[in-house]
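Residues -16 to -1, 1 to 169 in mature numbering (1 follows the signal peptide of the UniProt record, and there is no 0) are what the sequence shown spells out, letter by letter.
Backbone N, C-alpha and C fix where the C-beta goes; we use that ideal spot for every residue, glycine too.
Predicted model, so just to flag it, every value in this text is computed and none were measured.
The structure appears below as structure tokens.
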Amino acid sequence: MRLLLSSVLFAATTSAFPNSAATLRGTGGLVVPRANQLIPVVVGGPQDTFNPNSVVAAVGDVVQFQFSNGNHTATQSTLEAPCTPLEGGMNSGHIPFTDGQTDVGTFNMPVTSTDPMFIFCATGPHCQEGQVMIINPANAQQVVDFVKAAQGTDKSVDGATTAGGTAGKIGLDIAAYVCILPLSS
Ligand SMILES: *[C@@H]1O[C@H](CO)[C@@H](O)[C@H](O)[C@H]1NC(C)=O
Ligand SMILES: [Cu+2]
């Protein structure tokens, strides 16, 4: 508790520094810049999910969506309309991965705000199946609420244009996941 309180006080005092408070971390009273991070999120795979479905990111970090098996999107929405694109929001567009591919489609999204950012997959019924995530959720309950709200919608709306990031490719060998063949049915 005492440690927690002192770190809260510390956070409150760092805003006097020119760098944003979100990029600073306390280490025994010293202020050191926190290096920007590349935060991988796996999209799709044998299950239609974002993994993890909740991440904490600072301004300057880059969230790297890595597209696994299937054909998925990472599209920004809102808590109120979980499976509908936010006008002017981030949208990767559909990025497929088929078995045998040795590279992985990515979408690198620079983080420009620490406000909660709501994201869904616009492919087929994936959003209604709960394929959603939040960057910087207010709390864990908000993630649960968002998943349930998505599951309560009738259908998804596809994003019109790609925005808010850069598409690319990385080798499967350095991806955040091991490619698992879908279970035969
Ligand atoms: C991915 O899904 C979109 C939307 O349903 C479709 O237009 C596109 O052709 C699909 N791509 C592949 C490779 O299946
Ligand atoms: Cu999907």
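C-alpha of D138 to C-alpha of V15: approximately 49 Å in a straight line. Distance from I79 to F91 at the Cβ level is roughly 7 Å; contact confirmed, criterion being Cβ atoms closer than 8 Å. Under the 8 Å Cβ criterion, the stretch 104 to 121 counts as touching the stretch 20 to 35, having at least three qualifying pairs. Annotated as proximal: I154 and V88, with beta-carbon spacing under 7 Å.
Relative to ligand 1, P66 has its C-beta separated by 6 Å or more from all heavy atoms. In the structure shown, the three-state DSSP call for Q125 is helix. Listed in chain order, the non-local C-beta contacts of V141 below 8 Å within the same chain comprise C67, T68, P69 and A106, local neighbours out to five positions each way being set aside. Beta-bridge analysis with DSSP links Q112 to no other residue.
CA-to-CA, the gap between S61 and A19 works out to about 28 Å.
The beta carbon of D32 sits closer than 6 Å to at least one heavy atom of ligand 2.
Residue ranges of uninterrupted beta strand (DSSP E) with 3 or more members, entirely inside the stretch 40 to 109 and ordered along the chain, are 46 to 51, 54 to 56, 59 to 61, 79 to 81, 87 to 94 and 101 to 104.
For H56, the CB falls within less than 6 Å of some heavy atom of ligand 2. Look at H110: its beta carbon is less than 6 Å from one of the heavy atoms in ligand 2. With a threshold of 6 Å, the Cβ atom of P69 does not count as near ligand 1, since no heavy atom of the ligand is closer than that.
In the three-state reduction of the DSSP assignment, V131 falls in the helix class.
The beta carbon of G114 sits closer than 7 Å to the beta carbons of V131, A134 and Q135 from its chain, once the five residues preceding and following it are set aside; these are given in chain order. Between F49 and F81, the C-beta gap is not smaller than 7 Å, which leaves the two residues out of contact.
Going by C-alpha positions, Q125 is about 32 Å away from I158. According to the DSSP assignment, L156 belongs to no beta strand (DSSP E), since it is labelled neither H nor E.
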